Amino acid sequence: MSYWSHEYLLRTWGGPMVQAEFLKEAQKPFFVPRIFSGLNLFLDKAGFLPDVVDLVAKECKTKKAFLVTDEYAVRFAAKVMAPYEKRHGIKFEVWKEAKPDAPIETVKECADKMRRFGPDLIFALGGGSSIDTAKGAWILYEHPDVNIEILSPIIPLNLRNKAKLVAIPTTSGTGSEVSGVAVISFPDGVKLGVGGALPELVPDFALLDPTLTVGMPPQLTAGTGGDALAHAIDGFMVPRSDELNQAIALKTIKMVFEWLPRAYRDGNDLMPRIKMQQAAMMAGIPLSNVGSGISHALGHTIGGLYHIHHGAMVLLFIPYELQVYSKATDRYLEICNVLDVRDTNSDTKSLSNLIGKIRGLMSELHLAVSLKEAGVSRADFEKNLDFILDQTPTDPAFYFGWFDLTRAQLMDVFMCAYDGKLLDMDSDIWR
Ligand SMILES: [Fe+2]
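Here you go:
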């Protein structure tokens with residue numbers, strides 16, 4: 000199958016153009032949804048003043064709304080729908096078949112149901128996969144003849160002729176509730192980020208109720224929190240990042256280190272849930288506006304191949320991303336300052352302190368620091384190595400980085416990541 004991200008011209012020209020200094024200052028769009036956070040977002044009874052329910056309901060002229068969710072998050076559907084049904088007479092159709100990694104078949108199935116119902120408001124309730132399924136189905140609802148896999152970011156999506164999107168996350172990690180991208184998976188194991196020339200897939204509303212994340216199992220808290228940390232570090236480190244996105248990313252990094260261990264230890268403790276929900280949403284803003292780093296390119300390939308949790312996989316590659324990017328920028332020193340691990344006498348020592356700090360958090364969360372620890376068999380890894388080395392450079396997160404890694408450099412990263420060893424940046428490969 001051919002995908003937009005495999006397009007030769009985009010890879011060889013598109014990536015470098017996006018990073019070019021002279022173009023970077025030409026236009027800097029910054030897109031976010033209207034964001035509401037709190038414990039009272041779904042009130043059954045109208046208050047004295049108009050609230051978020053009134054504001055969202057105003058977008059539903061046909062009084063028909065379609066709710067996309069999965070078998071876990073469907074338990075929250077009644078709470079979400081009640082105020083719209085009772086206060087505004089909106090009729091819902093609930094589709095609860097969203098699957099992990101948003102496979103294209105389920106996206107098409109969802110779009111089909113959406114088309115038959117004809118809503119003008121779509122609610123996406125669940126983790127990143129549910130929200131991404133809703134985004135993919137939204138594209139196909141508006142444009143039934145589109146091929147999602149060839150929709151490159153230079154093609155306008157022309158959404159919102161039929162419906163608007165409300166995202167309600169029940170996990171704290173993917174940032175999909177604020178992002179202009181949907182990650183869809185395809186039968187050959189490829190995971191593809193889909194988005195438009197302008198970030199049209201940014202939801203119209205993001206509703207963040209922390210009680211929807213209470214009771215998340217510890218490993219899911221760790222994995223999704225790891226994803227949020229990776230987005231924040233990516234969002235700070237990638238070449239396109241600017242002051243606005245960096246400010247958000249830095250604060251998010253600090254918040255994750257402060258609150259994720261507590262959220263992991265006790266899934267019913269509300270304050271860490273509130274903080275991690277905010278952190279994940281905040282990390283999604285630079286992810287959406289300036290893109291992700293090579294952690295995501297490497298993590299997508301391995302995660303897609305071995306079906307390992309996305310967040311756990313991308314965080315595993317963050318130490319390597321920091322090492323690789325340190326060849327081009329010393330921005331990581333600002334992260335060291337924020338986490339109080341800077342050695343003012345040595346940048347190299349600062350970098351190794353920072354990596355130690357990240358890996359310390361990973362151990363605390365029982366997240367694998369190597370592919371071996373993540374359960375990948377060496378024989379299978381070696382058998383797939385050529386595919387891995389071919390596939391990774393086609394991921395946009397790879398070619399929107401500071402520089403293109405050679406095949407030998409990429410191989411070095413993967414081989415070191417297998418055993419959890421750090422790169423030897425003084426070796427000939429990295430000079
Ligand atoms: Fe991610």
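Under numbering that gives the first Met the number 0, the first residue of the sequence shown carries the number 0, and numbering increases by one thereafter. No residue lacks a Cβ here, since even glycine has one placed at the ideal position from N, Cα and C. Source: prediction; values computed, not measured.
#1: Would isoleucine 154 pass as a contact of glycine 195 if the rule is Cβ separation under 9 Å?
#2: Can you pull the DSSP bridge partners for tryptophan 94?
#3: Go through the segment 214-247 residue by residue and report every complete run of the alpha helix (DSSP H) that reaches 4 residues or more, in order.
#4: I believe methionine 424 touches glutamine 277 by the beta-carbon criterion, under 8 Å. Please report the beta-carbon distance rounded to the nearest angstrom.
#5: Going by other Cβ atoms of all chains shown within 10 Å of its Cβ, with 16 needed for buried, is lysine 274 buried or exposed?
#6: Going by the beta-carbon positions, is the gap between proline 102 and proline 395 smaller than 9 Å?
#7: In the DSSP output, what is alanine 166 paired with across the bridge?
#8: Would you call the segment 123-133 in contact with the segment 153-170, where contact means no fewer than 3 C-beta pairs closer than 8 Å?
#9: By DSSP, does proline 102 sit in helix, in strand, or in coil?
#10: Report the residue from Leu409, Gly355 and Met312 whose alpha carbon sits nearest the alpha carbon of leucine 366.
#11: Hey, out of Ile317, Lys326 and Ala378, whose CA is closest to glycine 355's CA?
#12: Mind checking whether the beta-carbon of aspartate 131 lies closer than 8 Å to any heavy atom of ligand 1?
#13: In chain order, what residues of the same chain have a beta carbon less than 6 Å from the beta carbon of alanine 373, not counting five sequence neighbours either side?
#14: Looking only at its chain, what residues have a beta carbon closer than 8 Å to the beta carbon of leucine 38, apart from the 5 residues adjacent to it on each side?
#15: Does the beta carbon of histidine 142 fall short of 8 Å from some heavy atom of ligand 1?
#16: Sorry if obvious, but does the Cβ on aspartate 226 come closer than 8 Å to a heavy atom of ligand 1?
#17: Are at least three pairs of beta-carbons, each pair with one atom in the segment 324-339 and one in the segment 220-236, less than 8 Å apart?
#18: For valine 412, report the span of its alpha helix (DSSP H) as first-last.
#19: Per the contact definition of three or more C-beta pairs closer than 8 Å, is the segment 182-191 in contact with the segment 37-56?
#20: Please tell me whether, using a cut-off of 8 Å, the distance from the CB of alanine 229 to the nearest non-hydrogen atom of ligand 1 is below it.
#21: By the three-class DSSP mapping on this structure, what secondary structure does phenylalanine 35 have?
#22: Would you kindly work out how many angstroms separate the C-alpha atoms of isoleucine 301 and proline 49, rounded to a whole number?
#23: My assumption, with CB atoms under 8 Å, is that leucine 206 sits in contact with phenylalanine 35. Please give the rounded CB distance.
#24: Going by alpha carbons, who is nearest to valine 96 out of Arg272, Val67 and Tyr263?
#25: Starting from the C-beta of threonine 105, find all residues in its chain whose C-beta is less than 8 Å away, skip the five residues before and the five after it, and write them out in chain order.
#26: Looking at the unbroken alpha helix (DSSP H) that takes in glycine 303, where does it start and where does it end?
Judging by the given coordinates:
#1: The sequence position of residue 154 within the sequence shown is 155, counting from 1. The sequence position of residue 195 within the sequence shown is 196, counting from 1. Going by C-beta atoms, isoleucine 154 is nearer than 9 Å to glycine 195.
#2: Residue mapping note: residue 94 aligns to position 95 of the sequence shown, counting from 1. Bridge partners of tryptophan 94: Val67.
#3: 217-236
#4: Counted from its first residue, the sequence shown places residue 424 at position 425. Counted from its first residue, the sequence shown places residue 277 at position 278. Wrong, their Cβ atoms sit about 35 Å apart, outside the cutoff.
#5: Here residue 274 corresponds to residue number 275 of the sequence shown, with the count starting at 1. Its Cβ being crowded by 16 or more others within 10 Å, lysine 274 is buried.
#6: To locate residue 102, count along the sequence shown from 1; it is residue 103. To locate residue 395, count along the sequence shown from 1; it is residue 396. Not in contact: proline 102 and proline 395 (Cβ atoms no closer than 9 Å).
#7: For this step, residue 166 is matched to residue 167 along the sequence shown. Its beta-bridge partners are Ala123 and Ala205.
#8: Yes, the segment 123-133 is in contact with the segment 153-170.
#9: In the sequence shown, counting from the first residue as 1, residue 102 sits at position 103. In this structure, proline 102 counts as strand in the three-state DSSP scheme.
#10: Your numbering for residue 366 matches position 367 in the sequence shown. Out of Leu409, Gly355 and Met312, Met312 has the C-alpha closest to the C-alpha of leucine 366.
#11: The count along the sequence shown starts at 1 and reaches residue 355 at position 356. Nearest C-alpha to glycine 355: Ile317.
#12: Your numbering for residue 131 matches position 132 in the sequence shown. No, the beta carbon of aspartate 131 sits no closer than 8 Å to any heavy atom of ligand 1.
#13: On the sequence shown, residue 373 is found 374 positions in, with the first residue counted as 1. Hits under 6 Å: Ile307 and Ala367.
#14: Here residue 38 corresponds to residue number 39 of the sequence shown, with the count starting at 1. So the list reads Asp208, Pro209 and Thr210, once near-sequence residues are dropped.
#15: For the purposes of this step, residue 142 is taken as the residue at position 143 of the sequence shown. Every heavy atom of ligand 1 is 8 Å or more from the Cβ of histidine 142, so no.
#16: In the sequence shown, residue 226 corresponds to position 227, counting from 1. Yes, Cβ of aspartate 226 sits closer than 8 Å to a heavy atom of ligand 1.
#17: yes
#18: Working through the sequence shown from its first residue, we reach residue 412 at position 413. Annotation for valine 412: the continuous alpha helix (DSSP H) segment containing it runs 406-418.
#19: no
#20: Translated into positions along the sequence shown, residue 229 becomes position 230. Yes, Cβ of alanine 229 sits closer than 8 Å to a heavy atom of ligand 1.
#21: Position 36 of the sequence shown holds residue 35. Phenylalanine 35 falls in the strand class under three-state DSSP.
#22: Locating residue 301 in the sequence shown gives position 302, where the first residue counts as 1. Locating residue 49 in the sequence shown gives position 50, where the first residue counts as 1. Each residue's alpha carbon lies about 47 Å from the other.
#23: On the sequence shown, position 207 is the one that residue 206 refers to. On the sequence shown, position 36 is the one that residue 35 refers to. The pair is a contact, with the Cβ atoms about 5 Å apart (cut-off 8 Å).
#24: By one-based count along the sequence shown, residue 96 stands at place 97. Sequence check: residue 96 is glutamate here, not valine. Closest option to glutamate 96, Cα to Cα, is Val67.
#25: Taking the sequence shown and counting its residues from 1, one reaches residue 105 at position 106. So the list reads Glu96, Ala97, Lys98 and Thr132, once near-sequence residues are dropped.
#26: The count along the sequence shown starts at 1 and reaches residue 303 at position 304. Run containing glycine 303: 293-305, per the alpha helix (DSSP H) assignment.
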